[in-house]
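The structure appears below as structure tokens.
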Amino acid sequence: QSGAFGGGCMSGGGNDIQWCFSQVKGAVDDDVAEADIISTVEFNHSGELLATGDKGGRVVIFQQEQENKIQSHSRGEYNVYSTFQSHEPEFDYLKSLEIEEKINKIRWLPQKNAAQFLLSTNDKTIKLWKISERDKRPEGYNLKEEDGRYRDPTTVTTLRVPVFRPMDLMVEASPRRIFANAHTYHINSISINSDYETYLSADDLRINLWHLEITDRSFNIVDIKPANMEELTEVITAAEFHPNSCNTFVYSSSKGTIRLCDMRASALCDRHSKLFEEPEDPSNRSFFSEIISSISDVKFSHSGRYMMTRDYLSVKIWDLNMENRPVETYQVHEYLRSKLCSLYENDCIFDKFECCWNGSDSVVMTGSYNNFFRMFDRNTKRDITLEASRENNKPRTVLKPRKVCASGKRKKDEISVDSLDFNKKILHTAWHPKENIIAVATTNNLYIFQDKVN
Amino acid sequence: MFTRGLKRKCVGHEEDMEGALAGLKTVSSYSLQRQSLLDMSLVKLQLCHMLVEPNLCRSVLIANTVRQIQEEMTQDGTWRSVTPQEAGRAPLDRLVSTEILCRSAWEQEGARPAPGLGDGHVQGPVSDLCPVTSAQAPRHPQSGIWELDGPREDRGGFHKSLDQIFETLETKNPGCMEELFSDVDSPYYDLDTVLTGMVGGARPGPCEGLEGLAPATPGPSSSCKSDLGELDHVVEILVET
């Protein structure tokens with residue numbers, strides 16, 4: 001697995017990765033149906049399955065074709081494996097409000113048997129789904145015809161045992177657990193513990209711990225709701241369990257802080273073990289400083305040694321042993337800093353971008369506007385901007401790096417800041433856990449890119 | 001009355017200080033933009049509160065921004081209530097260039113109004129307006145999940161935005177009233193929902209031992225009482241207008 005990464009300005013060669021278009025899923029027309037807006041993307045632990053959730057409460061799972069060993073000029077394609085309605089809109093009669101069915105997050109459980117399990121959540125309710133395959137069915141009943149009708153008992157003259165015969169593959173999704181009524185505020189995160197028995201769910205003000213088997217009870221482990229709601233100035237924006245340490249989790253806030261908590265310290269983890277916060281740069285202070293410091297996503301590295309946070313303009317890598325500043329900072333779209341007022345006016349400043357690591361923790365990726373997404377190689381310090389667009393949709397076409405011209409003379413092939421389409425935002429991206437395959441969600445399309453295999 | 005007084009003072013001031021005119025214009029440019037940012041934020045908050053369930057993170061961030069602006073304006077001594085006449089102007093029209101607000105504090109050192117300069121300019125109108133606004137609004141008219149801290153004078157800002165909303169409710173012709181109250185799906189101008197949104201905070205959600213039933217209703221508390229007080233106040237405003 002190549003760890004080196006090719007920047008856009010250099011021609012590909014040697015170990016440099018060249019990203020190619022592989023597939024695009026979703027409607028072609030520009031008229032986006034609200035229900036089709038993709039709200040979450042997640043690979044499973046092996047990378048064989050890729051799940052998406054949308055605003056209409058549906059989950060679509062794609063499965064990678066097993067590679068044809070002879071024709072290995074590309075890795076297997078992802079095809080629809082299962083589609084099901086995970087959440088429906090609900091009405092809370094007490095508060096007189098509708099609960100959106102939009103899927104906020106999907107998290108896979110590691111596979112333990114033939115079936116696959118995932119957790120999906122909307123604003124209020126988490127569900128555990130079992131996805132199982134059926135490729136055989138019993139045939140040859142004594143008392144029933146093949147179509148299910150009961151036979152006339154007088155015609156039954158022999159006894160036989162039904163046998164399993166192959167049938168067309170059927171993939172069934174069934175809800176195994178429903179974890180409801182534990183969140184007053186909107187759930188923004190779910191994270192499965194490394195013990196694979198418990199998981200956490202976080203809303204704006206509280207974090208709860210669940211056991212996967214138990215639905216009528218959860219334990220509150222973080223509560224930042226002030227006694228007087230008028231004093232509220234900070235909310236929880238994301239939370240995640242440590243990948244190896246089953247007693248450790250982190251949560252980020254709207255003020256740009258990350259708190260690491262140890263569940264062994266006390267039942268209610270209101271007092272953090274560590275507080276990660278970068279001191280503010282006084283030369284960059286403005287009325288928008290706090291808003292742009294709000295963390296929209298936090299992800300541990302696979303190794304568990306680092307964590308990555310995404311705020312409005314940058315991606316930061318933190319060493320868990322150093323609380324006072326990040327070890328690496330990458331600017332995603334610094335050219336937006338002078339446009340913050342306009343972005344505040346049109347609400348884009350509140351967009352919540354996610355981020356992800358590659359399998360070896362050497363490259364990180366996040367989305368931006370104009371259907372651009374960015375990758376940063378931590379080793380070479382090179383970065384690249386690519387675009388998810390149907391214009392480059394011939395398979396194995398190498399993606400051309402994009403460049404935004406902040407000011408001054410715009411070079412050929414560059415795009416000026418004022419020409420960026422702020423309605424085309426890439427909020428959700430995912431990286432295959434083992435290979436260089438990435439899934440990038442535009443508003444209603446899912447793009448799959450992979451590195452060029454020679 | 002107040003506007004005329006203001007104008008007179010403005011004209012007199014400029015005539016007296018021709019030399020500092022350019023400086024004043026730069027100063028007022030920043031103040032103008034800061035004011036329009038404040039107005040924009042208040043409008044956003046109002047819209048938040050009109051939604052039955054606002055996005056809490058967004059609301060908190062906007063409210064914190066408003067608080068920051070208010071604090072700075074209080075320090076500058078330029079904090080004053082908005083006059084009723086200005087209520088009609090759409091705040092977004094006043095958002096001129098966006099660049100200046102995004103510049104860092106260091107860059108704006110020169111442009112910001114010195115405390116002494118601003119005071120004489122606005123002292124008169126402020127002292128005239130204060131008694132009026134504090135009589136009208138003994139409490140924050142704005143409630144809901146949480147409200148803003150700040151000096152009593154900021155009521156004027158809220159009043160302006162609230163006035164705009166109630167104006168809209170008022171101007172709907174009588175024929176629409178049945179539609180207003182019967183249409184569950186359009187909470188925007190549903191009076192019940194607006195008031196619920198202002199009074200209702202979050203219900204506490206016990207996390208232990210839940211038996212899968214609907215969330216418990218809150219018991220009596222001091223915040224509940226003050227919310228009801230504000231509800232009365234809001235209804236009072238409605239009836240008066």
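From first to last, the protein sequence lines stand for chains Y and L.
The letter at position 162 of the first sequence is residue 162 when you use the UniProt record's numbering, and the numbering goes up by one with no holes.
The letter at position 210 of the second sequence is residue 210 when you use the UniProt record's numbering, and the numbering goes up by one with no holes.
All C-beta atoms in this analysis are idealised placements derived from N, C-alpha and C, irrespective of residue type, glycine included.
Computed from a predicted model, the values in this text were never measured in an experiment.
Using a cut-off of 9 Å between C-beta atoms, extract the partners of residue i located in chain Y.
i               : result
Thr65 (chain L) : Phe287, Phe288, Glu290, Ile291 and Tyr344
Met73 (chain L) : Those do not exist, as Met73 (chain L) stays about 11 Å from chain Y at its closest Cβ, beyond 9 Å.
Leu45 (chain L) : Within chain Y, no residue comes near Leu45 (chain L); the closest Cβ sits about 13 Å away, beyond 9 Å.
Considering residue i, what are the terminal residues of the alpha helix (DSSP H) in which it resides?
i                : result
Ala63 (chain L)  : Leu56 to Asp76
Glu345 (chain Y) : Leu340 to Glu345
Ser416 (chain Y) : No alpha helix (DSSP H) contains Ser416 (chain Y), which is instead part of the beta strand (DSSP E) from Glu414 to Ser416.
Ser132 (chain Y) : Not the alpha helix (DSSP H): Ser132 (chain Y) falls in the beta strand (DSSP E), residues Ile126 to Glu139.
Ser253 (chain Y) : Counting along the chain, Ser253 (chain Y) falls outside any alpha helix (DSSP H), though it belongs to the beta strand (DSSP E) covering Thr248 to Ser253.
Asn290 (chain Y) : For the record, residue 290 (chain Y) in the displayed sequence is Glu; it is not Asn. Residues Ser289 to Ser293.
Buried or exposed, going by whether 16 or more other CB atoms sit within 10 Å of the CB of residue i?
i                     : result
Arg337 (chain Y)      : buried
Phe158 (chain L)      : Its pLDDT being 43, under 50, Phe158 (chain L) is placed unreliably by the model, and the measurement read from it follows with that caveat. Counting Cβ neighbours within 10 Å, Phe158 (chain L) comes out buried, since at least 16 surround it.
Ile126 (chain Y)      : buried
Glu34 (chain Y)       : exposed
Leu320 (chain Y)      : buried
Arg387 (chain Y)      : Rather than Arg, the amino acid found at residue 387 (chain Y) in this sequence is Glu. Per the 10 Å Cβ criterion, buried.
Gly175 (chain L)      : Any answer about Gly175 (chain L) is weak, because its pLDDT of 38 lies below 50 and its placement is not dependable; what the coordinates show is given next. Classification for Gly175 (chain L): exposed.
Glu167 (chain L)      : Any reading at Glu167 (chain L) must be qualified, since the residue scores a pLDDT of 40, below 50, and its modelled position is unreliable; no value is offered.
Asp451 (chain Y)      : buried
Ala182 (chain Y)      : buried
Thr52 (chain Y)       : buried
Arg160 (chain Y)      : exposed
Leu94 (chain Y)       : exposed
Pro326 (chain Y)      : buried
Ile258 (chain Y)      : buried
Asn436 (chain Y)      : buried
Asp29 (chain Y)       : exposed
Met167 (chain Y)      : exposed
Tyr251 (chain Y)      : buried
Asp204 (chain Y)      : buried
residue 455 (chain Y) : Lying outside 1 to 454, the shown extent of chain Y, residue 455 (chain Y) is not represented and no answer is given.
Gln85 (chain Y)       : exposed
Under 9 Å between beta-carbons, which chain L residues line up against residue i? List them in chain order, please.
i                : result
Tyr330 (chain Y) : Under the 9 Å cutoff, chain L gives no residues; its nearest Cβ is about 21 Å from Tyr330 (chain Y).
Looking at the ligand ZN, does it come within less than 7 Å of residue i, judged from the CB to the closest heavy atom?
i               : result
Pro54 (chain L) : Absence of the ligand ZN is noted for the structure shown, with no ligands found whatsoever.
How is the beta strand (DSSP E) around residue i delimited, first residue to last?
i                : result
Ser191 (chain Y) : Ser189 to Ile192
Gln66 (chain Y)  : Where Gln66 (chain Y) is concerned, there is no enclosing beta strand (DSSP E), given that its DSSP letter is neither H nor E.
Gly53 (chain Y)  : Leu49 to Asp54
Thr121 (chain Y) : Gln116 to Thr121
Asp223 (chain Y) : Phe219 to Asp223
Val298 (chain Y) : Asp297 to Phe300
Gln85 (chain Y)  : Tyr78 to Gln85
Lys105 (chain Y) : Lys105 to Trp108
Asp451 (chain Y) : Leu446 to Asp451
Arg259 (chain Y) : Ile258 to Asp262
Leu275 (chain Y) : Lys274 to Phe276
Quickly, what does DSSP pair residue i with across the bridge? List them, please.
i                : result
His211 (chain Y) : Y:Thr198
Ala430 (chain Y) : Y:Ala439
Thr380 (chain Y) : Answer by DSSP bridge pairing: none, since Thr380 (chain Y) is not bridged.
Ala239 (chain Y) : Y:Tyr251
Tyr93 (chain Y)  : According to DSSP, which records beta bridges pairwise, Tyr93 (chain Y) is partnered with nothing at all.
Thr366 (chain Y) : Y:Cys355 and Y:Arg374
Glu170 (chain Y) : According to the sequence displayed, residue 170 (chain Y) carries Met and not Glu. Answer is Y:Arg134.
Leu51 (chain L)  : Beta-bridge pairing links Leu51 (chain L) to no other residue.
Thr385 (chain Y) : Y:Arg374
Ile61 (chain Y)  : Y:Ala51 and Y:Ser82
Cys405 (chain Y) : Y:Ser416
Ile17 (chain Y)  : The partner list for Ile17 (chain Y) (beta bridge, DSSP) is empty, contrary to what the question assumes.
Tyr150 (chain Y) : Y:Lys144
Report the neighbours of residue i on chain L: residues whose CB is nearer than 8 Å to its CB, in chain order.
i                : result
Ser294 (chain Y) : Cys57 and Leu61
Since residue i meets chain L, which of its residues come closer than 7 Å, beta carbon to beta carbon?
i                : result
Asp204 (chain Y) : Leu56 and Cys57
Residues of chain Y with a CB under 7 Å from the CB of residue i: which are they?
i               : result
Leu32 (chain L) : Per Cβ cutoff of 7 Å: no residues; Leu32 (chain L) is ~13 Å from chain Y at best.
Gln68 (chain L) : Phe287
**Request:** Check each residue of the region 227-244 of chain Y: if its Cβ is closer than 8 Å to any Cβ of chain L, include it; give the result in chain order.
**Result:** Asn228, Met229, Glu230, Glu231, Leu232, Thr233, Glu234, Val235 and Thr237
**Request:** Scan the region 245-262 of chain Y for residues whose Cβ lies nearer than 9 Å to a Cβ of chain C and list them as they occur along the chain.
**Result:** Protein chains in the displayed structure are Y and L, and chain C is not among them.
**Message:** Counting only Cβ-Cβ distances shorter than 9 Å, please list the residues of the region 172-199 of chain Y near chain L, keeping chain order.
**Reply:** Ile178, Ala180, Asn181, Ala182, His183, Thr184, Tyr185, His186 and Asn188
**Request:** Using a Cβ-Cβ cut-off of less than 7 Å, give me the residues of the region 340-370 of chain Y that come near chain L, in sequence order.
**Result:** Leu340, Cys341, Ser342, Glu345 and Phe350
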